[in-house]
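Novice: Chains as they are written, first to last, in the numbering used here: chain A, 4 to 418; chain B, 203 to 506. From the three backbone atoms N, C-alpha and C, an ideal C-beta is built for every residue, glycine too. Computed from a predicted model, the values in this text were never measured in an experiment. Supplied in structure tokens, the structure appears directly below.
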Amino acid sequence: MNPRYAIEVQGLAKTYRIYGNPWHRLIERMPWVKGPMHREIPALRDISFQIEPGQCVGVVGRNGAGKSTLLKILTGTTFPTRGRYTLRGRVAALLELGAGFHQDFTGRENIFMNAAMLGFSRQEARRKFDEILAFSELGEFIDAPIRTYSSGMGARLGFSVAVATDPDVLIIDEILAVGDLQFQRKCVDKIWDYKARGKTMFFCSHSLYDVRQICEQAIWLRDGRVQMMADSVMVTNEYATWETGKRDHPDQAGFETMPAAQFDPKNPPEDEHHPRILSAQLIDPKTGQPREVFAPGDDVAVRLHIRNARKPETLGVAIGVMRSEGTLCFAHQSQFDGLQFDHEECFVTLHLKNLCLLSGEFNLPVWLLDHRGVHRFHERPVEQKLLVQNRTKDLGLFLQQHEWQVERVGGVRGK
Amino acid sequence: MIERGYDADTARHSVVRALLPVVRYPAEIWRHRYLLQNFFRRELLGRFRGSALGIVWVLIHPVFLFAIYYFVFGYVFGRPATGTAPSPAFALYLFSGVLAFTSFGEGLIRSCTCVVDNGNLVKKVAFPSELLPVPPILVGLTVYLVGAAVCLGTGLFYGVLQPDWTLLLLPVVLLLQFLMTLGLGLFLANCNVFARDTSHLWGILQTAWMFLTPVFWYPHQIPGEIGDSLRAAFQWNPAYSLIQAHRLVLGARDFDLREGETAIAVTFGSLGDHLLACACWALALLALGYGVFMSRRHRYADLV
């Protein structure tokens with residue numbers, strides 16, 4: 004194996020054997036028993052890839068494609084049936100946060116316990132304790148038994164202990180949804196900090212948006228095989244295309260490629276000073292007044308009122324246009340077009356010139372993002388629905404610029 | 203640079219191959235002492251947290267067992283013919299036996315279920331599962347120490363126990379008991395992962411084992427030729443050597459059991475022989491348990 008790589012996987016396969024009865028496992032081995040007494044379920048068939056140090060690689064795929072099995076093998080909790088893997092450097096796994104917590108013990112006791120399981124010495128754990136406590140923001144709850152914690156608090160504590168190990172290789176499973184919104188922000192920052200310091204990351208997520216934003220490379224797992232490994236934008240696009248073709252419920256289509264909703268937009272964050280979208284209006288750019296009904300060819304604008312009473316921060320927005328049945332027609336993110344802002348309060352307007360959508364009812368979700376486009380501060384729909392009414396007889400979803408042409412072949416008929 | 207990996211194609215899961223690293227096992231335990239210490243605390247306190255009497259419960263179990271056996275074997279099956287009450291010597295013989303066997307058996311039962319009980323550690327955290335039986339066994343030994351202090355105090359009061367310098371060998375006996383329990387415990391824990399019936403079956407077998415071990419009877423009581431052959435067979439009972447070693451270290455000395463006119467000589471044998479036997483058992487059981495456990499360990503996460 005080549006020591007150049009941080010993670011190296013070769014021909015990895017994992018097959019689960021399902022027995023009807025635990026004794027079948029023993030009976031099956033008896034010489035007089037013919038044929039196996041189990042069913043085999045292949046979770047991974049043949050996985051090979053290499054990851055260089057400092058790379059951030061995302062894993063995408065449907066449920067049951069083998070993502071979690073692969074992660075579990077790499078973290079060392081389960082073992083492959085065939086093949087081999089090597090990890091170089093100190094590894095930390097951010098999955099099953101707080102799995103080793105004992106419910107009857109206090110947060111403080113569990114920190115020391117968990118730290119010991121992650122390979123800390125007692126001195127190291129003592130040294131890191133304050134850092135862990137500060138990061139977890141548990142305050143005086145640290146001396147209360149874990150069973151009195153909310154699930155968010157437990158996950159926060161687990162995350163705090165895990166990141167305190169300062170690993171070289173970080174294995175992450177859907178980590179961006181830990182605790183409340185503010186804590187999620189800290190997690191994202193922490194992960195970005197790792198990335199900036201050139202640590203290797205192996206990241207598994209259902210959010211194609213996150214994979215694209217955070218990772219340079221991505222692996223698409225399908226039925227226990229690597230379907231594709233390449234640049235993350237390419238892989239997520241290929242996967243999204245395939246997934247859309249496969250999907251049984253069209254009302255979900257396209258959503259995963261956008262930032263996933265992380266809280267009910269009807270319940271905005273309690274913190275008044277949190278960056279938020281005060282209003283989102285669909286307006287007629289000529290009059291500046293709210294308007295709902297448009298026709299193809301009209302100019303449309305979306306006007307957002309944004310306030311950030313907290314510390315100054317560079318923000319961006321994303322606006323999507325989604326048909327009522329859930330098809331995402333298009334979405335624009337301000338950072339992609341080079342727009343960011345850091346005002347305390349401002350209006351941001353997106354001009355959609357010469358609307359090319361055809362008849363239909365459209366919802367417009369809006370996201371307020373941090374400067375990297377990863378953390379979502381606020382999400383809400385535009386107050387009006389966009390209703391497009393055709394004046395022509397054109398059919399379909401949108402109006403493609405087009406012209407007709409006829410070229411005559413041969414002589415004049417009838418002469 | 204730390205390197206960690208696994209190669210399923212070269213990994214051989216034979217018991218003999220898995221057995222060889224047993225020489226590194228003590229170092230492994232030492233390296234994780236901080237973790238084990240935490241687990242030990244959790245095991246000891248976790249068992250009694252929320253109960254009013256707390257740590258006192260650890261002693262109540264052996265004392266209660268002792269009280270029952272004392273009544274049944276001292277009065278009911280005792281020497282009602284002679285009309286004498288059971289002697290303090292018998293009481294302490296019984297108490298020391300019960301203490302030693304319950305701490306041994308407690309360790310075994312706990313380690314039998316340790317992998318299954320800590321399923322979320324085995325399944326979700328890359329955890330060295332071969333360490334799991336260590337804390338419950340240490341708890342069993344701690345309980346024994348408390349009981350042994352009580353036993354020693356009473357023995358000195360009645361003048362039955364005459365401890366001398368061999369009391370200093372108590373740590374050696376405890377170490378041997380630890381290794382024996384660990385070896386057998388690892389084996390049982392492995393079996394219990396594959397078939398949960400093991401823990402139930404073992405509960406029954408262990409009760410039988412206790413009755414076959416001279417905990418509340420004297421080997422010399424068995425009369426006739428059959429007695430001689432049975433006494434020879436007892437030498438092969440690992441718990442026999444262990445319990446006698448415990449009694450000798452606490453200061454039990456050979457005495458005569460008077461039963462009317464006849465006197466039966468109760469002897470405990472030589473401490474050196476018992477320790478040697480225990481050491482042999484400890485090595486054999488540890489090799490067996492560790493080999494079996496480590497050769498199957500890679501499959502536990504999928505089974506618990």
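If we define contact as Cβ-Cβ less than 8 Å, is residue 105 of chain A a contact residue for chain B?
Specialist: In the first sequence, residue 105 of chain A corresponds to position 102, counting from 1. Yes, its Cβ sits closer than 8 Å to a Cβ of chain B.
Novice: Would you list, in sequence order, the uninterrupted beta strand (DSSP E) runs of no fewer than 3 residues that lie entirely inside the region 68-145 of chain A?
Specialist: For the region 68-145 of chain A, whole beta strand (DSSP E) runs of length 3 or above, ordered along the chain, are 85-91, 94-97.
Novice: Pick out the complete alpha helix (DSSP H) segments inside the region 407-468 of chain B, 4 residues or longer, and give them in chain order.
Specialist: You should have 426-436, 440-451.
Novice: For residue 5 of chain A, count neighbouring C-beta atoms within 10 Å of its own C-beta (all shown protein chains included) and say buried if the count is 16 or more, exposed if not.
Specialist: As a first step, residue 5 of chain A must be located in the first sequence, where it is residue number 2. Flag for residue 5 of chain A reads exposed.
Novice: Would you kindly check if the distance between the Cβ of residue 215 of chain A and the Cβ of residue 239 of chain A is under 8 Å?
Specialist: As a position in the first sequence, residue 239 of chain A is number 236, starting the count at 1. As a position in the first sequence, residue 215 of chain A is number 212, starting the count at 1. Their beta carbons are under 8 Å apart, which means residue 239 of chain A touches residue 215 of chain A by this criterion.
Novice: Can you list, in chain order, the residues of its chain whose CB lies under 8 Å from that of residue 147 of chain A, leaving out five sequence neighbours each side?
Specialist: Along the first sequence, read from residue 1 onward, the residue named residue 147 of chain A stands at position 144. Closer than 8 Å at the Cβ level, and outside the excluded window around residue 147 of chain A, lie 109, 110.
Novice: Any idea what DSSP makes of residue 480 of chain B, helix, strand or coil?
Specialist: Taking the first residue of the second sequence as 1, we reach residue 480 of chain B at position 278. If DSSP states are grouped into helix, strand and coil, residue 480 of chain B belongs with the helices.
Novice: Cα-Cα, which of B:474, B:410, B:416, B:476 is closest to residue 275 of chain B?
Specialist: Position 73 of the second sequence, counting from 1, holds the residue named residue 275 of chain B. Minimum Cα distance to residue 275 of chain B is reached at B:416.
Novice: Kindly indicate which three-state DSSP category residue 372 of chain A falls into: helix, strand or coil?
Specialist: Numbered from its first residue, the first sequence carries residue 372 of chain A at position 369. In the structure shown, residue 372 of chain A sits in a strand (DSSP, three-state: E or B).
Novice: Any idea what DSSP makes of residue 367 of chain B, helix, strand or coil?
Specialist: As a position in the second sequence, residue 367 of chain B is number 165, starting the count at 1. Helix at residue 367 of chain B.
Novice: Assign residue 10 of chain A to buried or exposed, taking buried as 16 or more other Cβ atoms, counted over all protein chains shown, within 10 Å of its Cβ.
Specialist: Reading the first sequence from its first residue, position 7 is the one you call residue 10 of chain A. Classification of residue 10 of chain A: buried, given that the 10 Å Cβ count is 16 or more.
Novice: How long is the line joining the alpha carbons of residue 209 of chain A and residue 35 of chain A, rounded to whole angstroms?
Specialist: Within the first sequence, the letter at position 206 stands for residue 209 of chain A. Within the first sequence, the letter at position 32 stands for residue 35 of chain A. Their backbone Cα atoms lie some 48 Å apart in a straight line.
Novice: Does the beta-carbon distance from residue 205 of chain A to residue 60 of chain A come in below 8 Å?
Specialist: Here the question's residue 205 of chain A lines up with position 202 in the first sequence. Here the question's residue 60 of chain A lines up with position 57 in the first sequence. For residue 205 of chain A and residue 60 of chain A, yes; Cβs fall inside 8 Å.
Novice: How many whole angstroms separate the CB atoms of residue 3 of chain A and residue 233 of chain A, which I take to be in contact at a CB cut-off of 8 Å?
Specialist: What the structure shows of chain A is the stretch from 4 to 418, and residue 3 of chain A is not part of that stretch, so it cannot be assessed.
Novice: Out of A:278, A:399, A:340, A:315, point me to the one whose CA is closest to residue 370 of chain A's CA.
Specialist: The sequence position of residue 370 of chain A within the first sequence is 367, counting from 1. Nearest of A:278, A:399, A:340, A:315 to residue 370 of chain A, Cα basis: A:278.
Novice: Please classify residue 234 of chain A: does DSSP put it in a helix, a strand, or coil?
Specialist: By 1-based counting over the first sequence, the position of residue 234 of chain A is 231. Strand at residue 234 of chain A.
Novice: Looking only at its own chain, which residues have a Cβ that is under 8 Å from the Cβ of residue 432 of chain B, when we skip the five neighbours before and after it?
Specialist: The count along the second sequence starts at 1 and reaches residue 432 of chain B at position 230. So the qualifying residues of the chain are 421, 424.
Novice: Would you tell me roughly how many angstroms separate the C-alpha atoms of residue 356 of chain A and residue 375 of chain A, rounded to the nearest one?
Specialist: As a working mapping, residue 356 of chain A is identified with position 353 in the first sequence. As a working mapping, residue 375 of chain A is identified with position 372 in the first sequence. So the two alpha carbons sit approximately 27 Å from each other.
Novice: For residue 217 of chain A versus residue 320 of chain A, is the C-beta distance shorter than 8 Å?
Specialist: Position 214 of the first sequence, counted from the first residue, corresponds to residue 217 of chain A. Position 317 of the first sequence, counted from the first residue, corresponds to residue 320 of chain A. Going by C-beta atoms, residue 217 of chain A is not nearer than 8 Å to residue 320 of chain A.
Novice: How would you call residue 213 of chain A, buried or exposed, if buried means at least 16 neighbouring beta carbons within 10 angstroms?
Specialist: The residue given as residue 213 of chain A occupies position 210 in the first sequence. Buried, because 16 or more other Cβ atoms sit within 10 Å of the Cβ of residue 213 of chain A.
Novice: Can you look up residue 431 of chain A in the DSSP assignment and give me helix, strand or coil?
Specialist: For residue 431 of chain A there is no data in the structure shown, the boundaries of chain A being 4 and 418.
Novice: Cα-Cα, which of A:94, A:195, A:303 is closest to residue 292 of chain A?
Specialist: Translated into the one-based positions of the first sequence, residue 292 of chain A becomes position 289. Comparing Cα-Cα distances from residue 292 of chain A to each of A:94, A:195, A:303, the minimum goes to A:303.
Novice: Which residue marks the beginning of the beta strand (DSSP E) containing residue 410 of chain A, and which one marks its end?
Specialist: Position 407 of the first sequence, counted from the first residue, corresponds to residue 410 of chain A. Run containing residue 410 of chain A: none; DSSP gives neither H nor E here.
Novice: Tell me which same chain residues have a C-beta within less than 7 Å of the C-beta of residue 448 of chain B, skipping the five on either side of it?
Specialist: Numbered from 1 along the second sequence, position 246 holds the residue referred to as residue 448 of chain B. Hits under 7 Å: 298, 302, 375.
Novice: Got a sec, what are the start and stop residues for the alpha helix (DSSP H) residue 17 of chain A sits in?
Specialist: Stepping through the first sequence from its first residue, residue 17 of chain A is reached at position 14. Note, residue 17 of chain A: premise wrong, no alpha helix (DSSP H); beta strand (DSSP E) at 10-22.
Novice: Can you name, in chain order, every residue of its own chain whose Cβ lies under 6 Å from the Cβ of residue 93 of chain A, other than the five neighbours on each side?
Specialist: Here residue 93 of chain A corresponds to residue number 90 of the first sequence, with the count starting at 1. Here the set comprises 170, 171.
Novice: Can you give me the Cβ contacts of residue 188 of chain A inside the same chain, cut-off strictly under 6 Å, excluding the 5 residues immediately before and after it?
Specialist: What you label residue 188 of chain A is simply residue 185 of the first sequence in a count that begins at 1. The answer, listed in chain order, is 378.
Novice: Go ahead and label residue 205 of chain B buried or exposed: buried means 16 or more other beta carbons lie within 10 angstroms of its beta carbon, across all protein chains shown.
Specialist: Translated into positions along the second sequence, residue 205 of chain B becomes position 3. Exposed, because fewer than 16 other Cβ atoms sit within 10 Å of the Cβ of residue 205 of chain B.
Novice: Is it true that the CB of residue 332 of chain B sits closer than 8 Å to the CB of residue 203 of chain B?
Specialist: Position 1 of the second sequence holds residue 203 of chain B. Position 130 of the second sequence holds residue 332 of chain B. No, these two residues do not count as a Cβ contact at 8 Å.
Novice: How about residue 453 of chain B and residue 379 of chain B: are their beta carbons less than 8 Å apart?
Specialist: On the second sequence, residue 453 of chain B is found 251 positions in, with the first residue counted as 1. On the second sequence, residue 379 of chain B is found 177 positions in, with the first residue counted as 1. No, the pair does not count as a contact, with Cβ atoms beyond the cut-off.
Novice: Taking 8 Å as the CB-CB limit, is residue 242 of chain A close to chain B?
Specialist: Taking the first residue of the first sequence as 1, we reach residue 242 of chain A at position 239. Not closer than 8 Å to any Cβ of chain B, the Cβ of residue 242 of chain A fails to qualify, so no.
Novice: Is the CB of residue 94 of chain A under 8 Å away from at least one CB in chain B?
Specialist: To locate residue 94 of chain A, count along the first sequence from 1; it is residue 91. Chain B, which has a Cβ nearer than 8 Å to the Cβ of residue 94 of chain A, makes this yes.
Novice: Can you tell me the Cα-Cα spacing of residue 14 of chain A and residue 472 of chain B, whole angstroms?
Specialist: The residue given as residue 14 of chain A occupies position 11 in the first sequence. The residue given as residue 472 of chain B occupies position 270 in the second sequence. Cα to Cα, residue 14 of chain A sits roughly 60 Å from residue 472 of chain B.
Novice: Quickly, what does DSSP pair residue 325 of chain A with across the bridge? List them, please.
Specialist: Walking along the first sequence from the start, residue 325 of chain A turns up at place 322. Beta-bridge pairing links residue 325 of chain A to A:331, A:366.
Novice: Taking the alpha-carbon positions, what's the residue 238 of chain B to residue 334 of chain A distance?
Specialist: Residue numbering aside, residue 238 of chain B sits at position 36 when the second sequence is read from its first letter. Residue numbering aside, residue 334 of chain A sits at position 331 when the first sequence is read from its first letter. Rounded to whole angstroms, residue 238 of chain B to residue 334 of chain A spans 54 Å at the Cα level.
Novice: Check each candidate in A:150, A:164, A:154, A:117 and name the one with the smallest Cα separation from residue 134 of chain A.
Specialist: Translated into positions along the first sequence, residue 134 of chain A becomes position 131. Checking every option, the nearest Cα to that of residue 134 of chain A belongs to A:164.
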